[in-house]
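Remarks on the structure that follows.
Numbering (the working numbering), first residue to last: 724 to 1037.
Laid out in structure tokens, this is it:
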């Protein structure tokens, strides 16, 4: 296990370099650049040639790439071309928001999916099983942006509620912070809920037919004890695995919901940067998101091995 972790950690710089290079190249294919946006919104910058020189866009691409990669190695993400402030400030403020939204959504989906999956497995073929299986398909099929739009429209019409304009960090006011995250957390969790329910159900059905479960019942253990001690732990293994696989989808959904619900997370920063053609902001934010995905998958592997000691990583 330690060897596997060291191998994964050794690959992090390689992944970071590949992502940084790919994003650097891809953003250059976007139509227009930040100079066009600034020139249209801020005439005081003067003619386009002076503006391009000020922003460093007149440098050769290889020189721009070298400056960007050299800054990354030193921990310097550069300055935003549009907002004229260090990119690091935006990322430091945005990371806690995205991490909080993602963790809350994962916890909520697991807390709901596991009991429902166990319930449907123990009621196989019954009305509860049929209803929950239909709901799991619907949850998996509903797009996050559509569900978020529906939630906003419903809350605005019925309760006259709109997302607050000012974000409140959790360390300043935990209650208000959780209120701001409540709706987007539910919306984001629903998108990943269906697959977890179906996985828990299928795994529970497989586990309940194993010999050691029948042996536990034969020894006189209660049904709840067998379910909790023997069956549930094995049923959680695929759930942990799917959390890592769903990390990308969660971050994609979080980006949409952060914009819709006025949460200053990484997704909102990235979308704003793309709108403004802000190259340093796009490149650095995409790199941080990629590293976040690597970290999530690494943690998932560790928890996966802890739940099932039979697993050995090469």
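Glycine included, C-beta positions come from ideal geometry on N, C-alpha and C.
Nearest to residue i by CA position, among the options, is which residue?
| i | options | result |
| --- | --- | --- |
| residue 838 | 823, 826 and 855 | 855 |
| residue 906 | 933, 891 and 870 | 870 |
| residue 752 | 836, 1002, 1008 and 811 | 1002 |
| residue 812 | 997, 1015, 978 and 987 | 987 |
| residue 828 | 732, 1021 and 904 | 904 |
| residue 887 | 893, 902 and 897 | 902 |
| residue 826 | 1029, 741, 1022 and 1027 | 1022 |
| residue 962 | 850, 868, 848 and 1027 | 1027 |
| residue 806 | 996, 1016 and 1019 | 996 |
| residue 957 | 1029, 1024 and 976 | 1029 |
| residue 830 | 1015, 912, 925 and 1020 | 912 |
| residue 1024 | 789, 1015, 964 and 750 | 964 |
| residue 865 | 915, 890, 1014 and 728 | 915 |
| residue 978 | 782, 908, 850 and 959 | 908 |
| residue 749 | 788, 936 and 782 | 788 |
Do residue j and residue i have their beta-carbon atoms positioned less than 7 Å apart in this structure?
| i | j | result |
| --- | --- | --- |
| residue 796 | residue 927 | no |
| residue 917 | residue 859 | yes |
| residue 821 | residue 973 | no |
| residue 981 | residue 991 | yes |
| residue 747 | residue 1007 | no |
| residue 879 | residue 910 | no |
| residue 1017 | residue 735 | yes |
| residue 924 | residue 872 | no |
| residue 867 | residue 976 | yes |
| residue 836 | residue 919 | yes |
Quick one: Cα of residue i to Cα of residue j, how far?
| i | j | result |
| --- | --- | --- |
| residue 881 | residue 824 | 25 Å |
| residue 804 | residue 999 | 9 Å |
| residue 861 | residue 743 | 37 Å |
| residue 863 | residue 780 | 44 Å |
| residue 815 | residue 845 | 46 Å |
| residue 921 | residue 971 | 20 Å |
| residue 739 | residue 883 | 45 Å |
| residue 819 | residue 885 | 23 Å |
| residue 792 | residue 817 | 22 Å |
| residue 929 | residue 877 | 40 Å |
| residue 931 | residue 1020 | 29 Å |
| residue 892 | residue 794 | 29 Å |
| residue 994 | residue 983 | 12 Å |
| residue 955 | residue 1014 | 31 Å |
| residue 938 | residue 898 | 48 Å |
| residue 1055 | residue 985 | Not covered by the structure: residue 1055. The range shown for the chain is 724 to 1037. |
| residue 934 | residue 725 | 33 Å |
| residue 834 | residue 960 | 15 Å |
| residue 754 | residue 782 | 18 Å |
| residue 730 | residue 784 | 33 Å |
| residue 848 | residue 808 | 60 Å |
| residue 745 | residue 894 | 36 Å |
In this structure, does DSSP put residue i in helix, strand or coil?
| i | result |
| --- | --- |
| residue 802 | strand |
| residue 783 | coil |
| residue 897 | helix |
| residue 754 | coil |
Cβ-heavy atom distance between residue i and the ligand MG below 6 Å?
| i | result |
| --- | --- |
| residue 873 | With respect to small molecules bound, the structure shown includes none, and the ligand MG cannot be examined in it. |
Taking 7 Å as the CB-CB cut-off, is residue i touching chain B?
| i | result |
| --- | --- |
| residue 976 | Here chain B cannot be found, since the structure has a single protein chain. |
Alpha helix (DSSP H) runs wholly inside the region 959-1015, at least 4 long, in chain order: 970-983 and 989-999
Ranges of the alpha helix (DSSP H) found wholly within the region 880-938, counting only runs of at least 4: 897-931
Alpha helix (DSSP H) runs wholly inside the region 838-883, at least 4 long, in chain order: 850-864 and 867-881
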